Amino acid sequence: MSFSWHRDTLTVVRAPVATDPYGNPRRDWSAAMRTPLPGCRVQPVQGSRVNASDTIPREGLDRRRRVFAPVGADIESTDRIEWDGETWVIEGDVDRWRGPTGAVAHTELILSRMEG
């Protein structure tokens, strides 16, 4: 279900799995496919502006956003998301939440990116 306030359009970036010179699987981001995903709502995550120097040994800022996406959104945890002129990674799982009737009500995920 899409709501009138779900006006953000994300771009899902999905890279195929390739093999590196050592025979290991890896994502080939140079051959990634981009698919627009309208009907989303992007919101800040409380307390998401953490100085990276507090958690990892470098200066920077760790930013997070919560995304509410449509029920049938084709998003995988290994995808990247382009939104608001920036590329974000998906942190953790892509969750599909059920409503009171038992049917899937929406898709939810957390986006993360480092600045600095």
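Just remember that the working numbering sits 34 ahead of the position in the sequence shown, which is counted from 1. In this text, a Cβ means the ideal position worked out from N, Cα and C, and glycines have one as well. Since the model is a prediction, treat every value here as computed from it, not as a measurement.
Option nearest residue i by Cα separation, candidates the options
i	options	result
residue 98	141, 77, 68 and 113	77
residue 41	146, 125 and 70	70
residue 120	146, 64, 49 and 57	146
residue 28	57, 96 and 75	In the structure as shown, the chain starts at 35 and stops at 150, and residue 28 therefore has no counterpart that could be examined.
Distance between residue j and residue i (C-alpha atoms, nearest Å)
i	j	result
residue 109	residue 103	9 Å
residue 112	residue 80	24 Å
residue 115	residue 60	18 Å
residue 66	residue 149	23 Å
residue 135	residue 43	27 Å
residue 73	residue 63	25 Å
residue 55	residue 137	45 Å
residue 107	residue 141	7 Å
Cut-off 8 Å between Cβ atoms - residues of its own chain near residue i, not counting five sequence neighbours on either side
i	result
residue 139	35, 105, 131, 132 and 133
residue 144	79, 98, 99, 100, 101, 124, 125 and 126
residue 53	59 and 60
residue 122	99, 114, 115, 116, 145, 146 and 147
7 Å Cβ cutoff, residue i in contact with chain C
i	result
residue 72	Checking the listed chains, one finds no chain C in this structure; it contains a single protein chain.
Boundaries of the beta strand (DSSP E) in which residue i is found, first to last residue
i	result
residue 77	67-78
Under the three-state DSSP convention, the category residue i falls into
i	result
residue 111	coil
Spatial neighbours of residue i in its chain, beta-carbon cut-off 7 Å, leaving aside the 5 residues before and after
i	result
residue 127	111
Neighbourhood of residue i by C-beta distance below 6 Å, restricted to the same chain and skipping five residues each side
i	result
residue 68	45 and 47
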